[in-house]
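Chemist:
Numbering (our numbering), first residue to last: 6 to 318.
1) Which residue from 180, 128, 300, 83 puts its Cα closest to that of residue 93?
2) Going by DSSP, what residues sit across from residue 39 in a beta bridge?
3) Just grab the DSSP bridge partners of residue 122 for me.
4) Here's a check: name, in chain order, each residue in its chain whose Cβ is nearer than 6 Å to the Cβ of residue 206, leaving out the five neighbours to either side.
5) Quick one: Cα of residue 91 to Cα of residue 124, how far?
6) Is it right to say residue 15 is buried, meaning 16 or more other beta carbons lie within 10 angstroms of its own, or is it exposed?
7) Specify, as a first and last residue, the run of the alpha helix (DSSP H) that residue 324 falls within.
8) What first and last residue would you give for the beta strand (DSSP E) that runs through residue 261?
9) Would residue 297 and residue 218 be called neighbours here (beta carbons separated by less than 8 Å)?
10) Check whether the segment 162–172 touches the segment 223–237, taking contact to mean three or more Cβ pairs, one atom from each stretch, closer than 8 Å.
11) Straight-line CA distance for residue 174 to residue 180?
12) If you drop the 5 nearest sequence neighbours on each side, which residues of the same chain put their C-beta closer than 7 Å to that of residue 120?
13) CB-CB under 7 Å to residue 345, same chain, minus the five flanking residues each way: which ones, in chain order?
14) Three-state secondary structure (DSSP) at residue 305?
15) Do you know offhand how far residue 33's Cα is from residue 86's?
16) Would you call the segment 196–206 in contact with the segment 48–60, where contact means no fewer than 3 C-beta pairs closer than 8 Å?
17) Tell me the DSSP bridge mates of residue 210?
18) Buried or exposed for residue 246, please, with buried defined as at least 16 other CB atoms from any protein chain shown within 10 angstroms of its CB.
19) Compute the Euclidean distance between the alpha carbons of residue 41 and residue 188, then round it to the nearest angstrom.
20) If you drop the 5 nearest sequence neighbours on each side, which residues of the same chain put their C-beta closer than 7 Å to that of residue 276?
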């Protein structure tokens with residue numbers, strides 16, 4: 006009897022073990038894709054389109070995405086990725102190729118397969134006519150900070166959903182359905198944001214770098230000066246003095262800079278001009294309100310309304 010009981014226990018244990026393997030396989034299958042995002046905005050978008058996927062962001066909103074060290078941890082994450090999502094337009098040119106090479110992951114080498122550049126699917130602004138060491142840190146393919154135009158986000162979301170569908174055909178319908186639902190919500194948000202931002206139209210701001218050009222263009226805000234003498238070159242005393250002199254004949258409403266940038270030059274100029282000095286979140290996670298893409302846009306608009314116009318909606 007004991008032997009029979011033992012055999013039964015063995016068979017039952019085997020059956021349960023096999024079921025556990027099947028369950029583990031099912032859970033793993035539900036993970037869909039492993040996504041390596043170069044910036045937080047693309048991690049947030051990937052999560053919108055595929056909530057079940059494992060999504061990792063290589064940077065935070067407190068980092069300059071131009072300057073990233075290809076650390077071993079990033080190499081390890083890229084080695085496991087099915088899909089790499091980045092801004093493109095040369096934003097990551099100083100570090101992404103190193104990660105690709107050292108990771109040895111063949112799946113993320115080609116733009117036709119597991120490498121996705123958002124800039125490939127929209128028209129960029131501020132394309133450089135000439136480049137070289139004297140021109141500063143400019144991007145020949147245009148301004149790469151295109152995540153701050155909500156209409157471009159719509160186009161990119163559709164292209165990214167299709168790429169996910171191609172990489173994971175079994176879940177293709179899920180990605181496309183999620184993108185359709187996201188697009189409906191996002192379009193409604195755009196209408197709300199545009200109504201809220203009406204008081205911002207026509208404002209004159211001095212900015213730091215070209216980080217917010219897409220946002221300012223969308224909202225009808227004018228950029229009348231740049232804290233950088235050349236792209237990528239920190240503000241100098243001489244340049245700040247020339248900006249101050251130039252601003253005497255202009256109506257300047259505020260000075261803005263990104264959450265990861267040094268505020269010293271912006272603070273000095275704003276005090277001299279007697280206008281607000283505004284720190285804006287550059288990406289998702291840039292402040293406590295920008296926990297996702299919707300929060301990021303809402304925070305940007307509300308911060309400008311409160312600090313520059315003294316109102317909110």
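Where is the CB? At the ideal position from N, CA and C, for every residue including glycine. All values reported here derive from a predicted model rather than from experimental measurement.
Modeler: If we stick to the structure as given:
1) 128
2) 59
3) 91
4) 225
5) 9 Å
6) Reliability fails at residue 15, whose pLDDT of 31 lies under 50, so the model's placement of it is uncertain and the value that follows must be treated cautiously. Exposed, since its Cβ has fewer than 16 Cβ neighbours within 10 Å.
7) Past the boundaries of the shown model lies residue 324; the chain is included only from 6 to 318, so the question cannot be answered.
8) 259–263
9) no
10) no
11) 10 Å
12) 89, 113, 114
13) This structure gives no information on residue 345, because the portion of the chain shown stretches from 6 to 318.
14) helix
15) With a pLDDT of 40 at residue 33, under the threshold of 50, the predicted position of this residue should be treated as unreliable, and no value is reported.
16) no
17) 228, 259
18) exposed
19) 22 Å
20) none
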